[in-house]
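Read through the structure below, which is laid out as structure tokens, and then see the notes.
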């Protein structure tokens, strides 16, 4: 079968199309004829050799796949062991979830890492309660665009989007945000408070890190929670004074999806909910950038250069 295989660490130039043996499913795994595979920033780190969990070479990247099982089921699934950038892939049987009619391959893939992250940020880390206000940074990104919509579904009283350009802020408003502000850390807290009727917000979700965390803390109301789930700005880790947190009873949490999915009821149930909401038209995953499997190197180059929009997908079948 055709697959994208890396034999050395580096950049997009290491992504080679090659012929490899078909995978053979063992106990607890399903063989899936892949129709499309999702591309994530974590794949960039795996290919570069900088991911927190080392991979053995040669390696077939790709943890998100959608396709058909031998008995004809159309499923979407997640496997942190890779193997998705290929015509056939193995996924744990308990990670394969049926895709409802009306949900496209691209939408289903957008609900895996990004959708599950948004779900857990709001339900688990932030412990969002009905009527609370939420500020979503990087609001036009894969996680942020879904977090805006899910915050609404979960009963948020007011949702404020923060993004770097007017086009991104316009998209956030189309997705249901009540207000959208510039995400520049300078003046961020003032803009968030103004958008929230002069009050701090109950929850801030941040993927930028660095100065955005410091600014986000200043935007919180009493007993507010900031959840950090990324470091896109690459500005280093900010110094946080516990005494300053105590002054307003605010807290900071960090989130990483991989260990969270090991918890009971953390994968199939929320993913099924996300797929159902999408099938009903109540959730709109942002899709757009699609590449044939043979152009995986171009897909990664565009992703790294921020030339992509929506969920980045490799079309396999």
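In UniProt numbering, the protein residues as written are 1 to 317.
Beta carbons are placed, not taken as given, at the ideal position from N, Cα and C, and that holds for glycine.
In this model, residue 99 and residue 110 are separated by some 12 Å (Cα to Cα). Annotation for residue 293: 314, 316 place their beta carbon closer than 6 Å to its own, counting only its chain and skipping 5 residues before and after. Distance check between residue 92 and each of 30, 2, 205 places 30 closest, using alpha-carbon atoms only. As a beta-bridge residue in DSSP terms, residue 59 pairs with 6. For residue 243, the enclosing alpha helix (DSSP H) stretches over residues 242-248. Shortest Cα-Cα distance from residue 277 to any of 7, 150, 118, 141 involves 150.
A Cβ-Cβ contact shorter than 8 Å links residue 113 with residue 64. Residue 64 sits in a strand when the DSSP states are folded into three classes.
By the Cβ neighbour-count rule, residue 24 is exposed, with fewer than 16 other Cβ atoms within 10 Å of its own.
Non-local beta-carbon contacts of residue 60 in its own chain, meaning distances under 7 Å to residues more than five positions away in sequence, involve 3, 4, 5, 82, 83, 85, 86 in chain order. Beta-bridge partners of residue 96 (DSSP): none assigned. Per DSSP, the unbroken beta strand (DSSP E) holding residue 201 starts and ends at 201-206.
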